[in-house]
Amino acid sequence: MGHQLTETSTHRTVPTPEEMTDLGRRLAGLLRAGDLVLLSGELGAGKTTFTRGLGAGLGVRGAVTSPTFVIARVHPPLADGPPLVHVDAYRLGGGLDEMEDLDLDVALPESVVVVEWGEDRVEELADDRLHVVIHRAPTAADAGDDPREVTFRGVGPRWQGVDLAAGLAG
Ligand SMILES: Nc1ncnc2c1ncn2[C@@H]1O[C@H](COP(=O)(O)OP(=O)(O)OP(=O)(O)O)[C@@H](O)[C@H]1O
Ligand SMILES: [Mg+2]
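Heads up, the sequence shown stops at 649 in this note's numbering, and the numbers go up one at a time, no gaps.
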């Protein structure tokens, strides 16, 4: 990159799936049309669970599920606000090129785009992006919980000066 990238980041420990959904819902309050969110973390980390909350927070139609047979699903807004484009890039081997070939019936700059497995695949889509990395917490669960460590990292001018920690506080 020839230009300076600015960063802002914050971290959360998330004990349960319900709280992961809540975190997604809270992030939705910070998002607007044109935003790109890249979700990474191992199989079963909670990327789709997080996106479910994001869809609820944005107020979009349709259940957010793991798209097994489709690479991308468009969730139109129920009222005002941008649609959610939920992409599973796991099988998107060709990255950006294939993404542009998806032939979605919405424009990406008018949507909130969330890409599971997007890291190292679709960065070129936007200079501005929010990386959300989810990992199983290494420590043993106490009360049967299966906690996750979630790191948010905003890249580019869009996220400069955005107080992620405050925005995600519930
Ligand atoms: N603290 C937690 N946060 C999120 N999910 C959790 C947590 N504890 C348990 N889970 C469970 O882990 C699973 C996460 O599945 P999910 O489909 O969201 O993962 P994923 O990262 O999207 O997987 P994939 O890589 O296959 O797309 C769910 O069954 C969820 O209930
Ligand atoms: Mg998933």
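Every residue, glycine too, gets a C-beta built ideally from N, C-alpha and C.
Predicted, not measured: the structure shown is a model, and the values here were computed from it.
Burial state of residue i, where buried means 16 or more other Cβ atoms lie within 10 Å
i, result
"Thr492", "exposed"
"Asp559", "exposed"
"Thr544", "exposed"
"His554", "buried"
"Arg600", "buried"
"Gly623", "exposed"
"Gly481", "Its pLDDT being 47, under 50, Gly481 is placed unreliably by the model, and nothing is read from it."
"Pro626", "buried"
"Leu557", "exposed"
"Glu603", "exposed"
"Asp656", "What is shown of the chain runs 480 to 649, which leaves residue 656 out entirely."
"Leu522", "exposed"
"Ser590", "buried"
"Pro636", "exposed"
Residue i, enclosing beta strand (DSSP E) - first and last residue
i, result
"Ala551", "551 to 554"
"Glu595", "591 to 595"
9 angstroms Cβ cutoff met for residue i and residue j
i, j, result
"Ala507", "Pro588", "no"
"His565", "Val585", "no"
"Gly532", "Arg552", "no"
"Leu563", "Phe529", "no"
"Arg597", "Leu518", "As written in the sequence, residue 597 is Gly, which differs from the Arg given in the question. Yes, Cβ-Cβ distance for Gly597 and Leu518 is below 9 angstroms."
"Leu515", "Asp607", "yes"
"Thr678", "Ala616", "Missing from the structure shown is residue 678; the chain here goes from 480 to 649 and no further."
"Thr487", "Gly649", "no"
"Met499", "Val629", "yes"
Beta bridge counterpart(s) of residue i as assigned by DSSP
i, result
"Asp606", "The partner list for Asp606 (beta bridge, DSSP) is empty, contrary to what the question assumes."
"Asp567", "Glu595"
"Ser519", "Val612"
"Val629", "Arg491, Ile613"
Residue i Cβ short of 8 angstroms to ligand 1 heavy atom set
i, result
"Leu522", "yes"
"Phe437", "Lying outside 480 to 649, the shown extent of the chain, residue 437 is not represented and no answer is given."
"Glu498", "yes"
"Arg570", "no"
"Ile550", "no"
"Asp625", "yes"
Any non-hydrogen atom of ligand 2 closer than 8 angstroms to residue i Cβ
i, result
"Asp650", "Residue coverage of the chain in this structure runs from 480 to 649, which leaves residue 650 outside it and unanswerable."
"Glu595", "yes"
"Ser519", "no"
"Thr527", "yes"
Element boundaries [alpha helix (DSSP H), containing residue i]
i, result
"Arg531", "526 to 537"
"Arg421", "What is shown of the chain runs 480 to 649, which leaves residue 421 out entirely."
"Gly661", "What the structure shows of the chain is the stretch from 480 to 649, and residue 661 is not part of that stretch, so it cannot be assessed."
"Gly646", "643 to 647"
Closer than 9 angstroms to chain C by CB, residue i
i, result
"Ala512", "Protein chains in the displayed structure number just one, and chain C is not present."
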